[in-house]
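Below is one structure, written out as structure tokens; the observations come after it.
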Amino acid sequence: MFRLFVALCLLTPLLLGAEPRGMLPDDYYRFVFVTDPQLAPDGRQLAFVHSTIGEDKRSRHSNLWLVATDGKTDPRQLTFSNHDRSPRWSPDGSQLAFLSGRKDGQQLHLLPIAGGEARAITSLKQAGIRDFSWSPDGQQLLLTLSVDPAIEDPTAEKANHGSPEADVVVIRHALYKSDGSGYLNERRSGLWLLDIATQQLSRLTGDARWHDHSAQFSPDGSQIVFASDRSEDALEGSMQQDLFLLALDDGSITRLDTLPGQASSPQWSPDGSQLLYQHQADYFEPQQLVLHQLRTGGNRLIAKDWDRNASNALWQSKDRILLSADHQGSRPVFELDLRRDTPRIRLSEQGSASQLTLTADGKRLGYLWQDEQHLPEIWFQNANQAPRQLTRFNQQLLSELKLQPLESFWFEHEQGQS
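Count the sequence shown with mature numbering (1 follows the signal peptide of the UniProt record, and there is no 0) and you get residues -18 to -1, 1 to 400, in order.
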């Protein structure tokens, strides 16, 4: 009888469930990190990166997953190398391009969605891929490569391949070190075009005096916009950065007359007549959104009296953009009608929405959402319907924890505003 009583006492907490507890340091190793959501062109599926911490508690295992946006099926794993990231849909939705650090280092791969193995389409030996995007016709990929501009063929082996690396770093510029990367070398960011059928690389830009980046094809595929600081102080900490247009028919490059300061993150309007970009006038100044008219060269500050730092800005239609911004302790998704110049909260007034992904028709939206009680998971909204959660990888862990909600308070400052 005594043994039965003891057994029941031991089983009772298991049957009733453990009391929720606070978070412990070791809980971090159970986190599932969900990042980089990418909606398919038809909006029916969404690809993303699923990462966990390795058994050594130092490495991360990152693979591509896919989930249907109707919410009727569980997410499924697409790749299994543990070194995959940056999924990008082809314009027709039949393939995913992605970066993978497999046996030959980090290379660009293609994966057919209908079935089949992923295949590498680059064989870089002396360059790293910083960014890439599809051409509108799906025949080419625009690559931003980190490579020494003196190198003609980044797929060729180094002349001294196998020799020990020099342990001396020569500093020539004020910008000589980067967080996470260490000392900078002779590599610069330049633009290259990859023909998918032939796997041939051709250089578009590249110069030892500056970096070119943030490149995007125009909607008709005839031009590329990119950002670059091509001033004399580009490698000395300059705050200047301009936007440039590269014509693919003759390779000519034209500097756009953007506002003084730093122009970044250019986005083509759906009809290709305007560019939306972020602008910062100087250090410690807020970032603002600007519309640049390509025909006239004019610049217009958007919602110039709105004291928010906007990010993730995307064109929803020719007169409307979506963006996220910090707002009273949260980070909602805002909708901005360019005709009225007034942002309004579209969704997620509580918590934080980030990494927005939008279909070309502007009707389907995917994003990450989190708050102080929930780890980031993927959500989806179809037009103005109620948002729905598509992933719940951290649900089991969170059910064991008792996390506190955000408590807000208000006060008036010296100008009488709260």
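We put the beta carbon where it would ideally sit given N, CA and C, even for glycine.
Query, Result
"If you drop the 5 nearest sequence neighbours on each side, which residues of the same chain put their C-beta closer than 8 Å to that of residue 115?", "70, 123, 124, 197, 198, 199"
"Measure the C-alpha to C-alpha separation of residue 182 and residue 107 and round it to an integer number of angstroms.", "14 Å"
"Just checking, does the segment 269 to 287 make contact with the segment 236 to 256 on the three C-beta pairs under 8 Å criterion?", "yes"
"By the 10 Å Cβ neighbour count, where 16 or more other Cβ atoms means buried, how is residue 158 classified, buried or exposed?", "exposed"
"In the DSSP assignment, find the beta strand (DSSP E) that holds residue 350 and state where it starts and stops.", "346 to 353"
"Whole angstroms are fine: how far does the CA of residue 318 sit from the CA of residue 302?", "6 Å"
"Would you decide whether residue 151 is buried or exposed? Buried here means 16 or more other CB atoms lie within 10 Å of its CB.", "exposed"
"Between which two residues does the alpha helix (DSSP H) carrying residue 381 extend?", "377 to 381"
"When we look at the beta-carbon of residue 295 and count the other beta-carbons within 10 Å, is it buried (16 or more) or exposed?", "buried"
"Report the three-state DSSP secondary structure of residue 191 (helix, strand or coil).", "coil"
"Going by the beta-carbon positions, is the gap between residue 208 and residue 146 smaller than 9 Å?", "no"
"Assess, as a yes-or-no matter, whether the segment 214 to 231 is touched by the segment 239 to 248 under the definition of 3 or more beta carbon pairs within less than 8 Å.", "yes"
"Suppose you measure from the CA of residue 392 to the CA of residue 359; what does that come to, to the nearest Å?", "30 Å"
"Taking the straight line between their C-alpha atoms, what separation do you get for residue 59 and residue 324?", "41 Å"
"Pick out whichever of 178, 43, 165 has its Cα sitting closest to the Cα of residue 91.", "178"
"Check whether the Cβ atoms of residue 188 and residue 194 sit closer than 9 Å, and answer yes or no.", "yes"
"When DSSP labels each residue in this structure, what does residue 11 get in the three-state scheme?", "helix"
"If the criterion is Cβ atoms closer than 9 Å, does the pair residue 362 and residue 374 meet it?", "no"
"What are the residues that DSSP puts in a beta bridge with residue 213?", "The partner list for residue 213 (beta bridge, DSSP) is empty, contrary to what the question assumes."
"Distance check for residue 67 and residue 135, CA to CA, integer angstroms please.", "25 Å"
"Check for me: the beta strand (DSSP E) holding residue 307 runs from which residue to which?", "302 to 307"
"Can you tell me whether residue 334 is buried or exposed, with buried defined as 16 or more other CB within 10 angstroms of its CB?", "buried"
"At what residue ranges does the segment 84 to 114 contain a whole run of the beta strand (DSSP E), taking only runs of 3 or more?", "87 to 94"
"For residue 34 versus residue 14, is the C-beta spacing smaller than 9 Å?", "yes"
"Cutting at 7 Å between CB atoms, please list the residues of its own chain near residue 109, excluding the five before and the five after it.", "127, 128, 129, 136"
"Compute the Euclidean distance between the alpha carbons of residue 320 and residue 215, then round it to the nearest angstrom.", "35 Å"
"Assuming residue 170 contacts residue 190 (C-beta within less than 8 Å), just tell me the rounded distance between them.", "6 Å"
"I'd like to confirm the pairing. Which residues does DSSP put opposite residue 327 in its beta bridges?", "316"
"Helix or strand or just coil, what does DSSP make of residue 154?", "coil"
"Where does residue 359 sit, in a helix, a strand or coil, going by DSSP?", "strand"
"Within this structure, are the beta carbons of residue 104 and residue 121 separated by less than 9 Å?", "no"
"Among residues of its own chain, excluding the 5 on either side of residue 9, which ones have a beta-carbon nearer than 8 Å to its beta-carbon?", "379, 383"
"Give the C-beta separation of residue 315 and residue 293 to the nearest angstrom, bearing in mind that I take them to be a contact with Cβ-Cβ under 8 Å.", "That belief does not hold up - the Cβ atoms of residue 315 and residue 293 are roughly 11 Å apart, past 8 Å."
"Closest Cβ-Cβ distance between residue 27 and chain B: below 9 Å?", "Included in the structure is just one protein chain, with no chain B present."
"What number of angstroms, rounded off, separates the C-alpha of residue 350 from the C-alpha of residue 148?", "43 Å"
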